[in-house]
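As structure tokens, the structure follows; a few thoughts come after it.
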């Protein structure tokens with residue numbers, strides 16, 4: 199891996215040297231055996247920034263790695279009634295390692311909720327019992343009365 203990085207750095211420096219010497223994009227691409235569009239992109243970056251090194255990303259770094267995010271999503275799909283607090287406690291027990299400096303991550307519920315929302319898992323949880331609307335109660339009553347004189351306990355348990 200390091201050899202590839204060194205060769206990539208050397209070739210990037212070589213792009214800059216060739217461009218400074220007045221070589222055309224076609225000559226650079228033939229000489230380094232890369233597509234012309236790639237040579238053009240690297241030369242444009244060299245002109246703009248003065249170097250071909252990768253620039254730093256803007257924005258805040260992610261708190262949780264993609265592996266931890268997948269674990270959270272998997273846990274929630276297995277048991278949809280799991281709360282965000284339970285997920286935070288589960289992560290704290292495992293001692294999630296985030297960077298070199300921190301061994302244990304102090305997580306907040308909002309962080310876990312943000313991750314779940316990113317994976318299109320909003321604050322939904324499975325209900326134990328469906329809600330009954332008035333039309334459902336009437337339909338159940340009609341069904342119970344249509345059964346006739348079978349059993350009065352049937353009528354009571356259908357309306358609950």
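Numbering (the numbering used here), first residue to last: 199 to 358. In this text, a Cβ means the ideal position worked out from N, Cα and C, and glycines have one as well. Every value quoted in this text rests on a predicted model; they were computed, and no experiment measured them.
Following the DSSP letters along the chain, one finds residue 254 in no alpha helix (DSSP H), marked with neither H nor E. DSSP, read as helix, strand or coil, puts residue 308 in helix. The C-alpha of residue 277 is placed about 39 angstroms away from the C-alpha of residue 345.
Excluding sequence positions up to five before and after residue 273, its CB lies within less than 8 angstroms of the CB of 280, 285 and 288, all in the same chain and listed in chain order. Nearest neighbour of residue 262 by Cα position, chosen from 290, 255, 251 and 243, turns out to be 290. Leaving aside the five residues that flank residue 248 on each side, none in its chain has a CB nearer than 6 angstroms to its CB. Contact between residue 269 and residue 213 does not hold, since the beta-carbon distance rounds to 42 angstroms and is not under 8 angstroms. Counted as a single uninterrupted DSSP element, the alpha helix (DSSP H) harbouring residue 224 occupies residues 223 to 230. Inclusion of residue 271 and residue 334 in the CB contact set at 7 angstroms is not warranted, their separation being larger than that value. Excluding the 5 residues flanking it on each side, residue 226 has same chain C-beta neighbours closer than 6 angstroms at 216 and 237, in chain order. A direct Cα-Cα distance of roughly 42 angstroms separates residue 245 from residue 314. For residue 242, the enclosing alpha helix (DSSP H) begins and ends at 234 to 247.
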